[in-house]
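Chains as they are written, first to last, in our numbering: chain F, 1 to 159; chain P, 1 to 159. C-beta atoms are modelled at their ideal positions from N, C-alpha and C, and glycine is treated no differently.
2 protein chains.
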Amino acid sequence: MELNIRKANPSDMKSVIELIKELAIFEKQPDAVVTTEQILIEDGFGKNPAFNVLLAEIKNEIIGMALFYPRYSTWKGKALHLEDLIVKHEYRGKGVGTVLYRKVMEYAFENDLKRVAWEVLDWNTVAIDFYKSTGAEVFDEWRVSQMGEEALNKYLEKI
Amino acid sequence: MELNIRKANPSDMKSVIELIKELAIFEKQPDAVVTTEQILIEDGFGKNPAFNVLLAEIKNEIIGMALFYPRYSTWKGKALHLEDLIVKHEYRGKGVGTVLYRKVMEYAFENDLKRVAWEVLDWNTVAIDFYKSTGAEVFDEWRVSQMGEEALNKYLEKI
């Protein structure tokens, strides 16, 4: 099996949204995805693209993806956020995720970024062990906090 | 005391780096800051600004700041990351942070962003209680993971 890694085109967003939905099921939130193929095309390939996507392919079948975008660390400087690293269920355990992960790290190195950050579920010990094995840190004391759209509207008394 | 909120200029980065260092001390990592006034000017006010800063002033003294930049949720769409929300020690507990926080939320609303995200230390219960009181969620099961510059170079065998 020859693995090909390439940048995504707008026409790949159909496969990308399917992978995103597969990850949402794995993360036990199947109904949380409100984005669509069309929204990804608009947001990722317009004038100011909101993200980059690398795809993993075998024989022209898209079997994995890494989606990332710039962040900023006030302590370290320009950084990268790895939002999603997804490999299709039937292709897991074959090193595809490792290849994508390494490509993202190479992208960060080549662009002189000072840090790559991402989030992982605490029960996903396979992923956590992998990240640690690469030299990454997984922090215990930081908590992710979010204000979603509905809560935001409520807070600002817009609804 | 009249509180003024305004966008930051390059000439404000001297005050901003001081606030960033004050936060690093509060977060028990005083030596972690490697950015400088000059780096913030370059990264925040060049061709593709990496972040936005809102400042809180009283009588022309900068007493607080919110630093934020775009993110992307593959589930929800365009989002915002609030990297730092800092109020000078001697001005805390007077509602300055609340005003800055609300301004960031208003910015997200006005720009049709679908989510605002940030990170908080688990022992900072005062902040956590405040966030929750505004309708934000603080997640227990997500862990922040990072690959720093040195670890990145080591992983890619560049050093």
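F:Arg-143 burial status per 10 Å Cβ neighbour count (16 or more: buried): buried
Would F:Gln-146 count as contacting chain P if we go by Cβ distances under 8 Å? yes
Positions along the segment 29-44 of chain P whose CB lies within less than 7 Å of some CB in chain F: Ala-32, Val-33, Val-34, Thr-35, Ile-39 and Asp-43
Please say whether P:Glu-57 and P:Ala-4 have beta carbons closer to each other than 8 Å? Note on identity: in this sequence residue 4 of chain P is Asn, with Ala being the wrong assignment. Yes, these two residues count as a Cβ contact at 8 Å.
I'd like to know whether the C-beta atoms of F:Ile-86 and F:Met-65 end up nearer to each other than 8 Å. yes
Does DSSP classify F:Asn-124 as helix, strand or coil? coil
Do P:Lys-114 and P:Lys-78 have their C-beta atoms within less than 8 Å of each other? yes
Does DSSP put P:Val-34 in a helix, in a strand, or in coil? coil
Terminal residues of the continuous alpha helix (DSSP H) containing P:Ala-151? 149-155
With C-beta atoms as the reference, is P:Trp-75 less than 8 Å away from F:Val-34? yes
Whose Cβ in chain P lies nearer than 7 Å to the Cβ of F:Tyr-164? Here chain F has residues from 1 to 159 only, and residue 164 of chain F is not among them.
Could you give the DSSP three-state label for P:Glu-42: helix, strand or coil? helix
Check for me: the beta strand (DSSP E) holding F:Met-65 runs from which residue to which? 61-73
Nearest-angstrom Cα separation, counted from P:Pro-10 out to P:Phe-45: 7 Å
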